[in-house]
Every structure is written in C-alpha cells, then in structure tokens.
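Residue 17 in numbering that gives the first Met the number 0 is what sits at position 18 of the sequence shown, and the numbering runs on without skipping anything. All residues carry an ideal CB built from backbone N, CA and C; glycine is no exception.
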Amino acid sequence: MKYGVPTRWKPCGAEADVLYGVTMQEQGVSRMLTINLNDVERELNIK
0 MKYGVPTRWK PCGAEADVLY GVTMQEQGVS RMLTINLNDV ERELNIK
C-alpha cells in the first residue's frame with residue numbers, strides 16, 4: 000500500500016476501488032483486510 004486514507008466520509012469511500020482495513024479478532028493479533036470492490040461487483044452481478 001502506498002498510502003492510506005482513514006475515513007468514514009461516504010463520498011471518499013464511494014470513489015474507492017479498493018478498501019483496506021484492520022481487524023483484531025484476538026487480543027494482540029491484527030489482520031489486514033483488502034476488499035476489491037470491482038471483484039465484489041462482479042461476484043454479486045452489480046452494475
């Protein structure tokens with residue numbers, strides 16, 4: 000990742016092709032998530 004933009008501002012997220020996030024399901028164990036919205040769109044047949 001070249002840069003990250005932490006935001007909950009909807010217009011910014013609406014323009015993104017890829018979303019990145021971090022989750023911690025166990026104490027002290029962080030996991031990076033990547034969601035490619037183009038792949039999701041294809042998978043769900045959304046246009």
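Cβ contact annotation for T33 (same chain, cutoff 6 Å, sequence separation greater than five): Y19, in chain order.
In chain order, S29 place their CB closer than 6 Å to the CB of M23, counting only its own chain and leaving out the 5 sequence neighbours on each side. 9 Å or more divides the Cβ of V17 from the Cβ of N44. A direct Cα-to-Cα measurement between N37 and E14 gives close to 12 Å. Between M31 and V21, the CB-CB gap stays under 9 Å.
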